[in-house]
Amino acid sequence: MEIGLAVGGAFLSSALNVLFDRLAPHGDLLNMFQKHKHYDDGLLEKLEDILLGLQIVLSDAENKQTSNPLVRKWLNKLQRAMDGAESLLEEVNYEALRLKVEGQLRNLAETSNQQVSDLNLSLSDDYFLYIEEKLEDTIKKLEVLEKQIGRLGLQKHLDLGKKLETRTPSTSLVNESKILGRMFEKERLIDYLVSKEASEKKLTVVPIVGMGGMGKTTLAKIVYNDKKVKDHFGLKAWFCVSEALKGYFKKLDHLT
1 MEIGLAVGGA
11 FLSSALNVLF
21 DRLAPHGDLL
31 NMFQKHKHYD
41 DGLLEKLEDI
51 LLGLQIVLSD
61 AENKQTSNPL
71 VRKWLNKLQR
81 AMDGAESLLE
91 EVNYEALRLK
101 VEGQLRNLAE
111 TSNQQVSDLN
121 LSLSDDYFLY
131 IEEKLEDTIK
141 KLEVLEKQIG
151 RLGLQKHLDL
161 GKKLETRTPS
171 TSLVNESKIL
181 GRMFEKERLI
191 DYLVSKEASE
201 KKLTVVPIVG
211 MGGMGKTTLA
221 KIVYNDKKVK
231 DHFGLKAWFC
241 VSEALKGYFK
251 KLDHLT
């Protein structure tokens, strides 16, 4: 039983990090909501604040769940609420991807040189109101759990030494034989990285922005391993920022 509970705690930590990614300030989810005429400006921000408040007591709750059945019950309820929140945001994420693909195909002639992320994304009124209602319901459930933190005696805890990572960190290795497309984007990135303009700068940052599953990391890998890049740069290094570390940054920003 204890092993199962410990694994459940790891899943909760991972699920929180996934939700924080979905709620990123410049992500498609927030972008679509802000564009809609019925958008409540503080709704997604409120959800993120509640999740942060829950995350900083999660470590203490995981430690106390084996000896306190009330804490264990609270964690189980949190797990169900988190599953609902994640499913809801995944549903919106899928809708955003669908709109992007349809928009790109519909306007292919006019937007052949335009990035997919620049295409206009707009949710229908009915769909938006449906999502907003579900989101408000999810927030209410999480608020109830947040209010119970004090009564359960859960303490805020930033455990920077605890490993929350459940996903394998990415490496620079890539099997190019299994990659289809992205050659145009690859050549554009490489041409810029080895250009005189980039070389004259002391520090150049090239962001690759897109929704999850669009191939951002894969694109970075094939550029990193390209012969032109290898020949141009005397020294290269591949860094992977873990989901747990991203979560810590969000916690620190929230506490300060």
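Start counting the sequence shown at 1; every next residue gets the next number (the UniProt record's numbering). Don't be surprised by glycine CBs; every beta carbon is placed ideally from N, CA and C. Please read all numbers here as calculations on a predicted model, not as lab measurements.
Counting only residues of its own chain and dropping the five nearest sequence neighbours on each side, Leu78 has a CB closer than 6 Å to the CB of Leu145.
Residue burial annotation: Asn76 is exposed, with fewer than 16 other C-beta atoms found within 10 angstroms of its C-beta. With a cut-off of 8 Å on Cβ pairs, the region 86-101 is not in contact with the region 56-72, counting fewer than three such pairs.
Closest option to Ala61, judged by alpha-carbon separation, among Gly84, His157, Asp21 and Glu132: His157. In this structure, Leu88 places its C-beta atom within 8 Å of the C-beta atom of Lys134. For Arg151, no alpha helix (DSSP H) encloses it, and the DSSP letter there is neither H nor E. Check the Cα spacing between Ala220 and each of Glu143, Glu187 and Leu43: the tightest is with Glu187. Judged by DSSP in its simplified three-state form, Thr218 adopts helix.
About 5 Å separates the Cβ atoms of Val57 and Ile149, confirming a contact at the 8 Å cut-off. Taking every protein chain shown into account, the CB of Thr204 has fewer than 16 other CB atoms within 10 angstroms, so this residue is exposed. For Val206, the secondary structure class from DSSP, reduced to helix, strand or coil, is coil.
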